[in-house]
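Trainee: I have a structure I would like to understand better, so I am pasting it below and will then ask my questions one at a time.
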Amino acid sequence: MHVPLYFFAESELLYVWDKATPEGKAIIICLVIFSIFAWSVMASKAMQMRRAKKLNRLFEAEFRTQKHVLDIYDRRVQVPDCPLFMVYQEGCRELDARLKSQSPEKRRSGISLKGMEYVKRTLERTVAQQSLKLESGLILLAIAVSGAPFLGLLGTVWGVMSAFSYVALKGKADLATMAPGVAAALVTTVAGLLVAIPSMFGYNWLVHNLRVITVELDNFAQELVSHMETAYLQEDDEKTIF
Numbered sequence: 006m007h008v009p010l011y012f013f014a015e016s017e018l019l020y021v022w023d024k025a026t027p028e029g030k031a032i033i034i035c036l037v038i039f040s041i042f043a044w045s046v047m048a049s050k051a052m053q054m055r056r057a058k059k060l061n062r063l064f065e066a067e068f069r070t071q072k073h074v075l076d077i078y079d080r081r082v083q084v085p086d087c088p089l090f091m092v093y094q095e096g097c098r099e100l101d102a103r104l105k106s107q108s109p110e111k112r113r114s115g116i117s118l119k120g121m122e123y124v125k126r127t128l129e130r131t132v133a134q135q136s137l138k139l140e141s142g143l144i145l146l147a148i149a150v151s152g153a154p155f156l157g158l159l160g161t162v163w164g165v166m167s168a169f170s171y172v173a174l175k176g177k178a179d180l181a182t183m184a185p186g187v188a189a190a191l192v193t194t195v196a197g198l199l200v201a202i203p204s205m206f207g208y209n210w211l212v213h214n215l216r217v218i219t220v221e222l223d224n225f226a227q228e229l230v231s232h233m234e235t236a237y238l239q240e241d242d243e244k245t246i247f
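Per the numbering used here, the sequence shown starts with residue 6, numbered consecutively.
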């Protein structure tokens with residue numbers, strides 16, 4: 006009679022689970038919870054960064070077509086999930102506020118170098134905020150990568166200790182007495198690695214994409230400042246505002 010291989014695999018897992026100590030079972034349950042959180046974070050952050058990249062490309066293409074640095078801002082466009090747009094919006098809002106500081110209804114023809122420095126600091130702050138927003142949640146993956154193997158190792162050491170204690174109580178050290186306890190102890194290390202390895206690959210991929218987006222934000226902020234200085238920066242402080 007042919008018995009499917011998955012039957013043996015399922016029976017083996019059930020047997021090992023049955024022989025595991027209560028401490029080992031608790032650690033495995035904790036690792037399963039870690040795994041659920043890690044996969045949830047990887048999926049959500051991957052979708053967030055994919056959407057951010059797509060919106061960045063669309064906004065950058067639209068930005069290249071505008072004739073004036075404040076054209077998109079004056080149209081009151083809103084793209085809250087686009088990091089480049091958020092940098093653009095905050096920079097334009099600061100610039101607009103300084104151009105209208107003396108007359109809320111009319112923009113001045115230019116601002117001073119000191120006023121432009123405030124705009125630059127606003128752009129730098131917004132770039133940092135957008136980077137932190139994309140980075141949020143990655144700490145859970147870092148914890149899974151670094152903590153899961155040690156948690157699994159703890160379960161293994163505890164299980165081996167229990168296995169040897171059981172051998173001492175039985176008074177014999179044959180394979181039939183030791184093997185179940187040792188196998189049940191080793192399964193916690195396997196569980197820890199099954200959590201840590203996917204989390205490591207996911208964390209490295211997400212960090213790489215985060216660095217790419219952060220560089221794009223920095224480059225865009227510098228380009229935006231150049232456009233703003235060309236359009237509005239005036240060196241004569243007597244004719245400009247701060």
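By construction, the Cβ of each residue, glycine as well, lies at the ideal position given by its N, Cα and C atoms.
Between which two residues does the alpha helix (DSSP H) harbouring residue 33 extend?
Mentor: The count along the sequence shown starts at 1 and reaches residue 33 at position 28. Its alpha helix (DSSP H) spans residues 27-70.
Trainee: Which class does residue 231 belong to by DSSP, given the choice of helix, strand or coil?
Mentor: Indexing the sequence shown from 1 puts residue 231 at position 226. Here residue 231 sits in helix by DSSP.
Trainee: In the DSSP assignment, find the alpha helix (DSSP H) that holds residue 81 and state where it starts and stops.
Mentor: For this step, residue 81 is matched to residue 76 along the sequence shown. Taken as a continuous stretch (DSSP letters only), residue 81 belongs to no alpha helix (DSSP H), as it is neither H nor E.
Trainee: Here's the rule: buried if 16 or more other CB atoms are within 10 angstroms of the residue's CB, otherwise exposed. What is residue 100?
Mentor: What you label residue 100 is simply residue 95 of the sequence shown in a count that begins at 1. The residue in question, residue 100, is buried, as its Cβ has 16 or more Cβ neighbours within 10 Å.
Trainee: Decide yes or no for the touch test of the region 183-202 against the region 122-140: beta carbon pairs closer than 8 Å, at least 3 of them.
Mentor: No: fewer than three Cβ pairs fall under 8 Å.
Trainee: Going by DSSP, what residue range makes up the alpha helix (DSSP H) through residue 124?
Mentor: One-based indexing of the sequence shown puts residue 124 at position 119. Taken as a continuous stretch (DSSP letters only), the alpha helix (DSSP H) holding residue 124 covers 118-140.
Trainee: Which one or two residues does DSSP pair with residue 238 in a beta bridge?
Mentor: For the purposes of this step, residue 238 is taken as the residue at position 233 of the sequence shown. Its beta-bridge partners are 116.
Trainee: Assign residue 231 to buried or exposed, taking buried as 16 or more other Cβ atoms, counted over all protein chains shown, within 10 Å of its Cβ.
Mentor: To locate residue 231, count along the sequence shown from 1; it is residue 226. By the 10 Å Cβ count, residue 231 comes out exposed.
Trainee: Quick one: grab the DSSP three-state call for residue 23.
Mentor: What you label residue 23 is simply residue 18 of the sequence shown in a count that begins at 1. In this structure, residue 23 counts as helix in the three-state DSSP scheme.
Trainee: Could you tell me the distance, in whole angstroms, from the CA atom of residue 117 to the CA atom of residue 96?
Mentor: Start at 1 with the first residue of the sequence shown, and residue 117 comes out as number 112. Start at 1 with the first residue of the sequence shown, and residue 96 comes out as number 91. Distance between the alpha carbons of residue 117 and residue 96: 16 Å.
Trainee: Roughly how many whole angstroms lie between the Cα atoms of residue 87 and residue 56?
Mentor: Taking the first residue of the sequence shown as position 1, residue 87 is located at position 82. Taking the first residue of the sequence shown as position 1, residue 56 is located at position 51. Going by the C-alpha atoms only, they are around 8 Å apart.
Trainee: Report yes if the CB atom of residue 197 is closer than 8 Å to the CB atom of residue 26, and no otherwise.
Mentor: The count along the sequence shown starts at 1 and reaches residue 197 at position 192. The count along the sequence shown starts at 1 and reaches residue 26 at position 21. No, the pair does not count as a contact, with Cβ atoms beyond the cut-off.
Trainee: Between which residues of its own chain and residue 65 is the CB-CB distance below 8 Å, once the five residues before and five after are set aside?
Mentor: If you number the sequence shown from 1, residue 65 lands on position 60. 89 and 225.
Trainee: Determine, using beta-carbon pairs with one atom in the region 136-152 and one in the region 114-128, whether at least three such pairs fall under 8 Å.
Mentor: They do not touch, by the three-pair rule.
Trainee: Given a threshold of 16 other Cβ atoms within 10 Å of its Cβ, counted over all protein chains shown, does residue 221 qualify as buried or as exposed?
Mentor: Residue numbering aside, residue 221 sits at position 216 when the sequence shown is read from its first letter. Residue 221 is buried by the Cβ-count criterion.
Trainee: Quick check on DSSP: helix, strand or coil for residue 6?
Mentor: In the sequence shown, counting from the first residue as 1, residue 6 sits at position 1. For residue 6, the predicted model reports a pLDDT of 46, less than 50, meaning its position is unreliable; a value from the coordinates is still stated below. Coil, per DSSP.
Trainee: For residue 73, which three-state DSSP category applies?
Mentor: Along the sequence shown, read from residue 1 onward, the residue named residue 73 stands at position 68. The answer is coil: DSSP assigns residue 73 none of H, G, I, E or B.
Trainee: Give me, in chain order, the residues of the same chain whose beta-carbon lies closer than 7 Å to that of residue 149; leave out the 5 immediate sequence neighbours on both sides.
Mentor: One-based indexing of the sequence shown puts residue 149 at position 144. Here the set comprises 39, 43, 200, 201 and 204.
Trainee: With DSSP run on the structure shown, which of helix, strand or coil describes residue 87?
Mentor: Indexing the sequence shown from 1 puts residue 87 at position 82. Note: residue 87 maps to coil in three-state DSSP.
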